[in-house]
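Colleague: Residue numbers (the numbering used here), protein chains in the order written: chain Z, 2 to 291; chain P, 17 to 348.
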Amino acid sequence: MQEGLDLMPQIRDKARELLTSGAVDCVIGYERASDGLTARPLFAYEPNDVDKLIFDQTCAHNLARFLVNKRDSTVAIVAKPCDSRAINLLLAEKQIQRERVYVIGVVCPGIVEATWGQIGDKLQARCQLCREHTPLVYDFLVGEPPAEEPPAEPYHDVAEMEAKSAAEKHSFWAEQFARCIRCYACRQACPGCYCTECFAEQLDPLWVGIRIAPMENEVWHIIRAFHLAGRCIACNECERVCPVNIPLSLLNRKLEKDVLELFGFRSGLSAEAVPPLATFKKEERLGMSE
Amino acid sequence: MTQIISRKDLLSWLERLIGERIVIAPARSNGMVLFQRASRAEDIVLDFDNTALSPKESFLPLSEALFTVDKENGNIKLMPTTVDEETVFFGIRPCDARGMALIDAPLLAAPADALYQQHRARTTLIGLACSQAGPECFCTSMGIAPDDPSNVDIMLTKVDDSYIVQAITEKGKALLPSDLIAESEVMPPPAPSLQAVLTEGIVEVMPGVFEAPYWSRLADRCLHCNICAYVCPTCYCFDIRDYIDEGSIERVRSWESCQSPGFTRLAGGYDPRSTKGARLRQRFYHKLSYFPEHFGLIGCVGCGRCVRYCPVNIDIREVISDIQKLGAQSEC
Numbered sequence: 002m003q004e005g006l007d008l009m010p011q012i013r014d015k016a017r018e019l020l021t022s023g024a025v026d027c028v029i030g031y032e033r034a035s036d037g038l039t040a041r042p043l044f045a046y047e048p049n050d051v052d053k054l055i056f057d058q059t060c061a062h063n064l065a066r067f068l069v070n071k072r073d074s075t076v077a078i079v080a081k082p083c084d085s086r087a088i089n090l091l092l093a094e095k096q097i098q099r100e101r102v103y104v105i106g107v108v109c110p111g112i113v114e115a116t117w118g119q120i121g122d123k124l125q126a127r128c129q130l131c132r133e134h135t136p137l138v139y140d141f142l143v144g145e146p147p148a149e150e151p152p153a154e155p156y157h158d159v160a161e162m163e164a165k166s167a168a169e170k171h172s173f174w175a176e177q178f179a180r181c182i183r184c185y186a187c188r189q190a191c192p193g194c195y196c197t198e199c200f201a202e203q204l205d206p207l208w209v210g211i212r213i214a215p216m217e218n219e220v221w222h223i224i225r226a227f228h229l230a231g232r233c234i235a236c237n238e239c240e241r242v243c244p245v246n247i248p249l250s251l252l253n254r255k256l257e258k259d260v261l262e263l264f265g266f267r268s269g270l271s272a273e274a275v276p277p278l279a280t281f282k283k284e285e286r287l288g289m290s291e
Numbered sequence: 017m018t019q020i021i022s023r024k025d026l027l028s029w030l031e032r033l034i035g036e037r038i039v040i041a042p043a044r045s046n047g048m049v050l051f052q053r054a055s056r057a058e059d060i061v062l063d064f065d066n067t068a069l070s071p072k073e074s075f076l077p078l079s080e081a082l083f084t085v086d087k088e089n090g091n092i093k094l095m096p097t098t099v100d101e102e103t104v105f106f107g108i109r110p111c112d113a114r115g116m117a118l119i120d121a122p123l124l125a126a127p128a129d130a131l132y133q134q135h136r137a138r139t140t141l142i143g144l145a146c147s148q149a150g151p152e153c154f155c156t157s158m159g160i161a162p163d164d165p166s167n168v169d170i171m172l173t174k175v176d177d178s179y180i181v182q183a184i185t186e187k188g189k190a191l192l193p194s195d196l197i198a199e200s201e202v203m204p205p206p207a208p209s210l211q212a213v214l215t216e217g218i219v220e221v222m223p224g225v226f227e228a229p230y231w232s233r234l235a236d237r238c239l240h241c242n243i244c245a246y247v248c249p250t251c252y253c254f255d256i257r258d259y260i261d262e263g264s265i266e267r268v269r270s271w272e273s274c275q276s277p278g279f280t281r282l283a284g285g286y287d288p289r290s291t292k293g294a295r296l297r298q299r300f301y302h303k304l305s306y307f308p309e310h311f312g313l314i315g316c317v318g319c320g321r322c323v324r325y326c327p328v329n330i331d332i333r334e335v336i337s338d339i340q341k342l343g344a345q346s347e348c
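#1: Using a C-beta to C-beta distance shorter than 7 Å, which residues of chain P count as neighbours of residue 250(Z)?
#2: Output the boundary residues of the beta strand (DSSP E) element that contains residue 91(P).
#3: Using CA coordinates, which residue listed in 21(P), 312(P), 161(P) and 187(P) is at the minimum distance from residue 105(P)?
#4: Consult DSSP for residue 5(Z) and reduce its assignment to one of helix, strand or coil.
#5: Identify the continuous alpha helix (DSSP H) that holds residue 271(P) and give its terminal residues.
#6: Rounded to whole angstroms, what's the CA-CA distance from residue 108(P) to residue 50(P)? Just pull it up for me.
#7: Check residue 174(P) in the structure and name its three-state DSSP category.
#8: Should residue 328(P) be flagged as near chain Z, meaning a C-beta pair shorter than 9 Å?
#9: Quick one: Cα of residue 96(Z) to Cα of residue 211(P), how far?
#10: Whole angstroms are fine: how far does the CA of residue 134(P) sit from the CA of residue 253(P)?
#11: Based on DSSP bridge pairs, tell me the residues matched to residue 106(Z).
#12: Relative to the alpha-carbon of residue 75(P), which residue among 144(P), 112(P) and 88(P) has its alpha-carbon at the smallest distance?
#13: If you check the beta carbons only, do residue 235(Z) and residue 221(Z) fall under 9 Å apart?
#14: Using only the alpha-carbon positions, how far apart do residue 47(Z) and residue 260(P) sit?
#15: Just the C-alpha distance for residue 138(P) and residue 41(P), rounded to the nearest angstrom, thanks.
#16: Is it right to say residue 270(P) is buried, meaning 16 or more other beta carbons lie within 10 angstroms of its own, or is it exposed?
#17: Please state the DSSP three-state secondary structure of residue 43(Z).
#18: Could you round the C-beta distance between residue 77(Z) and residue 105(Z) to whole angstroms and report it? I think they count as a contact, below 8 Å.
#19: Check each candidate in 172(P), 142(P), 141(P) and 221(P) and name the one with the smallest Cα separation from residue 344(P).
#20: Does the count of Cβ pairs from the region 82–98 of chain Z and the region 258–274 of chain Z closer than 8 Å reach three?
#21: Of all Cβ atoms in chain P, is any one closer than 9 Å to the Cβ of residue 245(Z)?
#22: Check whether the region 8–27 of chain Z touches the region 62–81 of chain Z, taking contact to mean three or more Cβ pairs, one atom from each stretch, closer than 8 Å.
#23: For the alpha helix (DSSP H) holding residue 61(P), just list the boundary residues, first then last.
#24: Answer yes or no: does any C-beta atom of chain Z fall closer than 9 Å to that of residue 248(P)?
#25: Which runs of the beta strand (DSSP E) spanning at least 3 residues fall entirely within the region 72–135 of chain P, listed in chain order?
#26: Check this for me: beta carbons of residue 193(P) and residue 21(P), under 9 Å apart or not?
#27: Report the rounded CA-to-CA distance for residue 176(Z) versus residue 13(Z), giving the unit in angstroms.
#28: Under 9 Å between the Cβ atoms of residue 81(P) and residue 202(P)?
#29: Is there a Cβ of chain Z sitting closer than 9 Å to that of residue 195(P), yes or no?
#30: Are three or more beta carbon pairs between the region 137–151 of chain Z and the region 183–201 of chain Z nearer than 8 Å?
#31: In terms of DSSP beta bridges, what is residue 350(P) paired with?
#32: Counting contacts by CB-CB distance shorter than 9 Å, is residue 47(P) in contact with chain Z?
#33: Just to confirm the assignment, what range does the beta strand (DSSP E) spanning residue 143(P) have?
#34: How about residue 323(P): is its C-beta nearer than 9 Å to some C-beta of chain Z?
#35: Between residue 334(P) and residue 10(Z), what straight-line distance do the alpha-carbon atoms span, to the nearest angstrom?
#36: Determine, using beta carbons only, whether residue 141(P) and residue 99(P) come nearer to each other than 9 Å.
Encoded structure:
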């Protein structure tokens, strides 16, 4: 982990100020987890709680996921750049109100790979590919933005998968999905999965049965991925929380690549941008451009 | 005198068992150790902390048809699922073996769950004592020991490159390979020591903290996924649905959990546990209050899987100690 990264005092001071003045009801940030090593979400309601706030390279969670739960109050949130893209997504999709969210943006050094009780020294794969080290939306910024951002990385992993035959792709994914236990942690951790009733729980019509078996699992994962096309902000929380190591980011990145190529669009870069799959342009009609 | 089996002979025995019946054993898969059906003894992992998922899947599968109904020449035929094959479940840890014994309490109480009963009766459990404890382990706080031979048919304890063999039940004795077992003077190593959480008095404290705001605050960070319930060796809730296809019906049960939205939704739409706090509270009340009230034991075995896999670190050890504090405060 990087030394000398001490953004904590600034985050705590701002949080204390917001709670003391009553500007917000709650500050959503990070505190140390029970292993004494990694981080977990913290909901600070009292000025006294803010001394628990931390920020370091173990702060993996995308806290924007909690904003829809706090719609009825005014909250402050500690946001890394990827989390800030999720905030933009939620704003663009009219799920939260800008004036009810105070964003404490954090310039992010990248998050390390870690599991409970164990911290690695390698950056998470998503962080190695990151192009935004400064949050895209914030009210208060902590940290020094880098002078320039790294160039876009090509989608090597996706291209490798695309080169395979349909049968090879299917057998790869069938094997991955077969071990899914349908705990829905991928959905629950996702800032973009906020439906009050998920299709997976709808009984009439029944989209996917309760049976936890390869076919049903496949239906679940394919629909989950499609619902995030042009919306996924690549925080990779779904993959991080998966208890059976399903490489969901590969599926998400394929959709990200397709949306980028087809529409030149990356989600969450602004709160005003209309997501391509939420709109329709006349020239997009099949065959119109011919 | 103790009976021992060398590591090499243990693998030969397992190879022999694989030829005779279904053998479920720990194996490496996608960066995890999981209980899987073994086809070769060499794939079986002998040195591991514990498996990522609990053994319950072999007895209460993720999904299983309870029965099928078919229409044949105008006659309706109901065929219950039966478990015919004998299974050896190898490598179960003492905590998980207690987990199975705990699930037995509700599922084998009359009227017994017929399918679960068959899975249990057709399976011989070979336990593997823990020679080291993981950072998440707290079995001793739940009245279990890392080398506890209760709840298995045969217990193996590693000593150097051999295993001490104890036949615990008649079923276990019948399975032992007498040709591969030797007599020895070797003594079992001391069991690893673990961190403890104070569980004494917790069952009595629980009823008094039901209305505490603690639960909704704890639920703030809960994602309400089903990881804790699905990795848990003592959670046994399920849902049932009929699959209907061309005149044939299959009644399927699948794992479900009290953390799911809609788990307690009733016909008409009312949900008695509609808030996140109420759902999370249910998990801890079931383990620490309702289960011990009905069956005499806390419904947790200290395997620590929920601690390890919870994406937001809702740590049952911390919850227990928080509740103890809340209870002490309310007494003042």
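Glycine included, C-beta positions come from ideal geometry on N, C-alpha and C.
Modeller: Judging by the given coordinates:
#1: What residue 250(Z) touches in chain P: nothing, since even the nearest Cβ is about 15 Å away.
#2: 91–96
#3: 187(P)
#4: Residue placement at residue 5(Z) cannot be trusted, given a pLDDT of 46 that sits under 50; what the coordinates show is reported in the next sentence. Coil, per DSSP.
#5: Careful: residue 271(P) lies outside any alpha helix (DSSP H), inside the beta strand (DSSP E) at 264–271.
#6: 11 Å
#7: strand
#8: yes
#9: 44 Å
#10: 18 Å
#11: 80(Z) and 142(Z)
#12: 112(P)
#13: no
#14: 54 Å
#15: 16 Å
#16: buried
#17: strand
#18: 6 Å
#19: 221(P)
#20: yes
#21: yes
#22: yes
#23: Premise fails: residue 61(P) is in no alpha helix (DSSP H) and is neither H nor E.
#24: no
#25: 79–88, 91–96 and 103–108
#26: yes
#27: 46 Å
#28: no
#29: no
#30: no
#31: Residue 350(P) falls outside the range modelled here, since chain P spans only 17 to 348, and no answer is possible.
#32: yes
#33: 139–144
#34: yes
#35: 27 Å
#36: no
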